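Heads up, the thing below is written out as structure tokens.
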Amino acid sequence: MSAPAPSPLAIVDAEPLPRQEEVLSETALAFVAALHRRFTPRRDELLARRAERRAEIARTSALDFLPETAAIRADDSWQVAPAPPALEDRRVEITGPTDRKMTINALNSGAKVWLADFEDASAPTWENVVTGQLSLIDAYTRSIDFTDERTGKTYALRPDEELATVVMRPRGWHLDERHLTDADGTPVPGALVDFGLYFFHNAKRLLDLGKGPYFYLPKTESHLEARLWNDVFVFAQDYLGIPQGTVRATVLIETITAAYEMEEILYELRDHASGLNAGRWDYLFSIVKNFRDGGPRFVLPDRNAVTMTAPFMRAYTELLVRTCHKRGAHAIGGMAAFIPSRRDQEVNKVAFEKVKADKDREANDGFDGSWVAHPDLVPIAMESFDRVLGDRPNQKDRLREDVDVKAEDLIAIDSLDARPTYAGLVNAVQVGIRYIEAWLRGLGAVAIFNLMEDAATAEISRSQIWQWINAGVVLDNGERVTAELARKVAAGELADIRAEVGEEAFAAGNWQQAHDLLLKVALDEDYADFLTLPAYEQLKG
């Protein structure tokens, strides 16, 4: 076999990292380059199509199931490929970034699946991108360990049979990787970098371990985007000489447009599909983003007031379960974001009860599993699903034929009896500033007020501020939300943070930069599609 041609990709503006040659080998970069040449033009076309669709929603304030794909929805004969043994039982999944400590803790957590996250829980510094890949390679070769310099505590993997199955999440289609460019200086999409490096280094190794290359696909907005991913999988498997159907993908239904195309998304990926997930936080962000100028009936109340019992959220989750089970796919529930307090057991007690109620509801609704953000929540979620599933790996035989969701049910935002509050505005500003500051330091998953926040929750925060200002919302205290009020609240929060952390830590952080960026994406007349796009321009490393 002749040696592959040198990769035309260049690593730019990046300091060399220890062991990076193990990830960024000539052969691995040649594979990423092949993906880039073949698929980036289609990616670009689909991003343009997103903008066209958003313009249509702005014009009509409506969405419907697609008439041109009605035959796919009406055809009861097709199913997705059977789940591989490693993905039959997904009753609890833990999420988190791919640093070495999290890799070990997540694999050891007792969860059935670990969502190894290169997306919303990871700020895409070059170090995070490359060392995250090394963490996974080392985990599969059992050469990973970690010692906490502060505490001296060491971390090591449990036996293979006790480890969670890895489902890796690459970045969404909209994000580029500025440190990897082609001969024309065009950056490679982050999704193809993350997928390509992981697949190239680990696909055969995972097969030898009795598992496979499994993926979560984020931010999908249409079945055409799912078709693109399917074509990527077909090409990648051929390239490495791996049997077609080895890849398995779970799609996050975390955009309002994708909620109208669940069956079509499964159909496009049917040889590689393993399920759909109800990504609740990004879903709320997507509703605000798409209907932000649709008037009062589309105004969401405080983020924490929109629970999964809201009628439009019930419609979304019940339709997801019915769709998945009709087609033989797993239905995976949403995130329990609570982070237990080491100091306040009363806070923990109240939160654990809420988590239990949430997971009980999902299990009773027919979900086959659900997400948690912290190892302490694994037993709580496990108990909820054990009670319903028993020794069965899933409940895909529960077809939920009683569910009948109409197009308008998914966007009946005004069916929720809750209104925006001043406390909600303050919380949005607090979460926005604190999360962005951490993100600019390279941290993508951050505990704030006992909740694990990631890019999705920051997106809701800034989008709600934007929507409330532009809709002229009057809060519970009688104040109208204006840019001036948002600036006043943000200035107060910045002063509170300075007092809380002290002058030295404040000066060493990115607090003023985070404050300014939040106000930019919350107050600019031109709404930024993703907070992470302008934030990436300011991200060092």
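In my numbering, the protein residues as written are 8 to 548. C-beta atoms are modelled at their ideal positions from N, C-alpha and C, and glycine is treated no differently. This structure is a prediction, so every number in the text was calculated from the model and none was measured.
CA-to-CA distance, residue j to residue i, given in whole angstroms
i: residue 402; j: residue 37; result: 42 Å
i: residue 96; j: residue 327; result: 18 Å
i: residue 219; j: residue 330; result: 25 Å
i: residue 425; j: residue 35; result: 51 Å
i: residue 8; j: residue 323; result: Confidence at residue 8 is low in this model, with a pLDDT of 43, below 50, so its placement is unreliable and the value that follows should be read with caution. So the two alpha carbons sit approximately 51 Å from each other.
i: residue 506; j: residue 522; result: 15 Å
i: residue 476; j: residue 435; result: 13 Å
i: residue 439; j: residue 180; result: 23 Å
i: residue 365; j: residue 526; result: 33 Å
i: residue 44; j: residue 202; result: 15 Å
i: residue 255; j: residue 281; result: 6 Å
i: residue 428; j: residue 488; result: 10 Å
i: residue 253; j: residue 373; result: 27 Å
i: residue 325; j: residue 344; result: 21 Å
i: residue 146; j: residue 140; result: 10 Å
i: residue 169; j: residue 93; result: 12 Å
i: residue 260; j: residue 266; result: 6 Å
i: residue 41; j: residue 335; result: 33 Å
i: residue 53; j: residue 303; result: 30 Å
i: residue 446; j: residue 238; result: 32 Å
Sheet register partners of residue i (DSSP bridge)
i: residue 196; result: 183
i: residue 377; result: 99
i: residue 460; result: 453
i: residue 337; result: 282
i: residue 120; result: 100 and 172
i: residue 67; result: Answer is none; residue 67 lacks a bridge partner.
i: residue 292; result: Residue 292 pairs with nothing; no bridge assigned.
i: residue 17; result: 188
Coil, strand or helix - residue i by DSSP
i: residue 279; result: coil
i: residue 259; result: strand
i: residue 345; result: strand
i: residue 268; result: coil
i: residue 57; result: helix
i: residue 399; result: coil
i: residue 167; result: helix
i: residue 298; result: coil
i: residue 531; result: coil
i: residue 350; result: coil
i: residue 241; result: helix
i: residue 234; result: helix
i: residue 155; result: coil
i: residue 385; result: helix
i: residue 138; result: helix
i: residue 224; result: strand
i: residue 87; result: coil
i: residue 110; result: helix
i: residue 161; result: strand
i: residue 44; result: helix
i: residue 487; result: strand
i: residue 481; result: strand
i: residue 517; result: coil
i: residue 26; result: coil
Residue environment, residue i, which counts as buried when at least 16 other CB atoms sit within 10 Å
i: residue 86; result: exposed
i: residue 25; result: exposed
i: residue 474; result: buried
i: residue 287; result: buried
i: residue 495; result: exposed
i: residue 154; result: exposed
i: residue 51; result: exposed
i: residue 299; result: buried
i: residue 222; result: buried
i: residue 152; result: exposed
i: residue 191; result: exposed
i: residue 251; result: exposed
i: residue 541; result: exposed
i: residue 371; result: exposed
i: residue 84; result: exposed
i: residue 158; result: exposed
i: residue 116; result: buried
i: residue 103; result: buried
i: residue 226; result: buried
i: residue 532; result: exposed
i: residue 491; result: exposed
i: residue 161; result: exposed
Rounded Cβ spacing between residue i and residue j (contact assumed at less than 8 Å)
i: residue 123; j: residue 173; result: 5 Å
i: residue 463; j: residue 289; result: 4 Å
i: residue 444; j: residue 516; result: 6 Å
i: residue 285; j: residue 247; result: So it is not a contact: roughly 32 Å between Cβ atoms.
i: residue 337; j: residue 405; result: With a Cβ gap of about 12 Å, residue 337 and residue 405 do not count as contacting.
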